[in-house]
Amino acid sequence: MLDVAIRGGTVVDGLGGSSVLTDVGIKDGRIAALGRPLGRARGSIDAGGCIVAPGFIDIHTHSDFTLPVRPAAEAKLRQGVTTDVTGNCGFSPFPLGADDAARLHGDFFEPGLVERWAGLASYADALTELNPGINVAPLVGLGAVRLAVMGEESGPAGPGQRGRMRKHVERAMDDGAFGVSSGLVYPPGCYADLEELADLAAPAGAAGGIYATHLRNEASFLEDALEEALAVGRRADCPVHVSHHKAVGRSNHGCVQRTLGLIDEANRDGQDVTLDAYPYTAGSSTLMSVVPARYQAGGVEALRRRLAAPDLRTEIAKATRTEATFDLEQIVLASVPSRPELAARPLAEAAADDGTTPEELALRLIEVDGAAVVSLAFGMAEEDVRAVLAHPHCSVGSDGWVMSADAEPHPHPRNLSYTARLLGRYVRDERVLSLTEAIRKLSALPADRLRLQERGRIVAGAVADLVVLDLEQLRDHASYTAPCRYPGGIEWVLLAGRIAVEAGELTGVRAGRVLVRAGSGAASR
Ligand SMILES: [Zn+2]
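The numbers in the working numbering rise by one with no breaks, and the one at position 522 of the sequence shown is 522.
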């Protein structure tokens, strides 16, 4: 007898083929049968009028910082997400070095997370203890690795330091990591040169992992930055994955046509290159990222000391205005711990109220709150977003993190609604993508990138991570002005056959696991 039967739905298998009206039978956590009629089952889900899809795999998240604080992962389950890929943009809450700064690295994702871990194994043990609501597929952040070995030093790594960084990467790969990531705009990861990056991506590649990268530049030097990433991959013999691909700033709009061409060319030449994107024209990050990295060398304290010198402050303000990736007029403050009333206010408006310039207000806020000031930045062209989303090698992720709708003052709506935005707006309403192709980008495509061959697809024998959704009702209620809303239309979510969302509500079942890379030798948890 089956454990669960999902009856009457239209099955989209995640592999990009056509959709089929059929039933899905689940036994022992796996898809045991597909077809009609299925035999008897202990439980039954009426999916009439709904789409049955593989549980969504969010290929780009920072949830490793927030899951230990919010393990139920409500915001992800309510979007139909069953697996978050973590450790992106050079950030991960491990490895922990001797330097105290490592305890603050990435704290803007979750100021409540005070703990950091020696390595992936102890992090995964701690998270497993908490019964996470979703699965986690971890990368290790090269920013965190550099911080563990070199602290906030900004110079090139010496041979001994490189050797120790490599050891950290090798250990994380042995512990089941899916690869490494770099965040080449964030200190101290941005101080790594091509050689260092290749040296650290090599053990990831040798173990069957990927090199995911937040490029060094996403504006006027986007092509150079992509060339660097491709060179790292070639030198390291490691597959390259370009994170949240975009071109920022009006004068760079359209540039993604050239970068997508370069990615195609690299693949034609035999290199393995993929990418991801989120379905929005605004990004979000710590406001610190508007300050050129050279002024951040040595960390927040060092930046504060520089700002205390009047001449240097003027210089930093000027550089912030002229060099910031995002136009300061396009920045909206999302979260300012010391001045919560500024949430949702455009930086330029708030600056005018304070009788100062946007760059000076940004520096004042950073002086007080450091990296914890989070902002939204509207810098992309809608046409570019569509072109990137439609690229066949582009998975769709959120670049968000597990949060609660009531806990964040003014989050980016992608945290609560990216799947509904893709499937509601870009598939149903505007037909930028077909439904089967969009679901492939949310499931099998990211799964294959991580060699998760048992997930992200509806085939006999696969793990029964599934979502049942009502496409007509699917709405991204979260907007830039009112972001704290869950989407409608996500009806049922199952992890390994266990029902986590039932008729749109959480059941309290928390069946997530920390996944390990196939062939890593690490014991599955
Ligand atoms: Zn990033």
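Don't be surprised by glycine CBs; every beta carbon is placed ideally from N, CA and C.
Ligand 1 has a heavy atom closer than 7 Å to the beta-carbon of N88. Contact annotation: the segment 207-221 touches the segment 243-253, with at least three C-beta pairs closer than 8 Å. A straight line joining the alpha-carbon of T82 with that of V169 spans about 26 Å. Here the alpha carbon of T61 sits roughly 16 Å from the alpha carbon of V374. Considering only A387, L445, R305 and H410, the residue with the shortest C-alpha distance to G397 is L445. For F65, the uninterrupted alpha helix (DSSP H) run begins and ends at S63 to T66, by DSSP.
The C-alpha of R36 is placed about 17 Å away from the C-alpha of R42.
For S182, the shortest separation between its Cβ and any heavy atom of ligand 1 does not lie below 7 Å. In this structure the segment 85-97 does not touch the segment 482-497; the number of beta carbon pairs closer than 8 Å is below three. When secondary structure is reduced to three states using DSSP, T356 falls in the coil class, being assigned neither helix nor strand.
Here L2 is bridged, per DSSP, to A41. The Cβ atoms of G143 and H105 lie closer than 8 Å to each other. Annotation: the continuous alpha helix (DSSP H) that includes Y123 extends over L120 to E129.
Taking A324 as the centre and dropping the five residues before and after it, the same chain places the C-beta of V290 closer than 6 Å to its C-beta, in chain order.
Its Cα nearest to that of L38, the residue R7 stands out among S18, F56 and R7. Distance between A462 and V12, taken at the CA atoms: about 14 Å. Distances from the CB of S398 to the heavy atoms of ligand 1 are all 7 Å or more. Under the three-state reduction of DSSP output, Y480 falls in the coil class, being neither helix nor strand. Nearest to E152 by alpha-carbon distance, out of S524, A350, F178 and Q296, is Q296. With distances taken between CA atoms, L21 lies nearest to C50 out of P340, C50, D429 and A32. Three or more beta-carbon pairs separated by less than 8 Å are not found between the segment 359-370 and the segment 383-390, which leaves the two stretches without contact. Residue environment: K76 is assigned as buried (16 or more neighbouring CB atoms within 10 Å of its CB, all protein chains considered). A distance criterion of 7 Å places the beta-carbon of S284 beyond contact range of ligand 1, judged by its closest non-hydrogen atom. Using a cutoff of 7 Å, the CB of H244 counts as near ligand 1, since one of the ligand's heavy atoms is closer than that.
Two segments are said to touch when three or more pairs of C-beta atoms, one from each, lie closer than 8 Å; by this definition the segment 453-461 touches the segment 437-444. About 6 Å separates the Cβ atoms of A177 and L120, confirming a contact at the 8 Å cut-off.
Beyond the five residues adjoining it in sequence on each side, D369 comes within less than 7 Å, by CB distance, of V336, P337 and S338 in the same chain, given in chain order. Shortest Cα-Cα distance from F108 to any of D199, Y280, A204 and I366 involves I366. In this structure, the straight-line span from the alpha carbon of P68 to that of D311 is close to 43 Å.
A266 is positioned such that its CB atom lies no closer than 8 Å to that of C238. Taking a 10 Å sphere around the C-beta of E74, we find 16 or more other C-beta atoms and assign the residue as buried. Boundaries around Y211 are those of the beta strand (DSSP E), I210 to H214, since no alpha helix (DSSP H) includes it.
Residue range A444 to R449 is occupied by the alpha helix (DSSP H) that includes D448.
Buried is the label assigned to Q330, since at least 16 other Cβ atoms lie within 10 Å of its Cβ. Between ligand 1 and H214, a heavy atom-to-CB distance of less than 7 Å is present. At a Cβ-Cβ threshold of 8 Å, G233 and V273 count as neighbours.
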